[in-house]
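Have a look at the structure below before the remarks.
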Amino acid sequence: LLPSDIFCPEKVGDWTNPMDYRPQALLNSDYKIFSRILATRTRGHLHRLIHANQSGLVLGDNFTTL
């Protein structure tokens with residue numbers, strides 16, 4: 104897991120109810136840029152790296168298209 108700072112901005116509602124908060128992770132901008140570049144470059148090679156039976160997380164495929 105990637106370490107990150109987490110903060111909980113309040114949603115509309117009762118501030119005493121924990122369900123009215125949504126935790127959000129603050130990630131480093133360098134990490135976001137690097138992960139986007141890595142995902143873009145590997146997308147064209149996924150058909151060779153991932154077996155056809157494991158394509159649920161490949162862009163354009165999901166478990167209903169198997």
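Be aware that the sequence shown starts at 104, since it is given in the working numbering, and climbs by one per residue. Glycine is no exception: its CB is placed at the ideal position from the N, C-alpha and C atoms. Owing to the predicted nature of the structure, the values given are computational and were not obtained by experimental measurement.
Quiz prompt | D108 to L149 span [Cα, whole Å] | solution = In the sequence shown, counting from the first residue as 1, residue 108 sits at position 5. In the sequence shown, counting from the first residue as 1, residue 149 sits at position 46. Answer to the nearest angstrom: the Cα atoms are 31 angstroms apart.
Quiz item: Is it true that the CB of Y124 sits closer than 8 angstroms to the CB of K135?
Solution: Taking the first residue of the sequence shown as 1, we reach residue 135 at position 32. Taking the first residue of the sequence shown as 1, we reach residue 124 at position 21. Cβ distance not < 8 angstroms, so K135 and Y124 don't count as in contact.
Practice problem: Following the continuous alpha helix (DSSP H) through L152, name the residue where it begins and the one where it ends. | Solution: For this step, residue 152 is matched to residue 49 along the sequence shown. Per DSSP, L152 belongs to the alpha helix (DSSP H) from 149-152.
Quiz prompt | Extent of the continuous alpha helix (DSSP H) to which L141 belongs | solution = Counting from one through the sequence shown, the residue named residue 141 turns up at place 38. 132-146 is the span of the alpha helix (DSSP H), which, as asked, contains L141.
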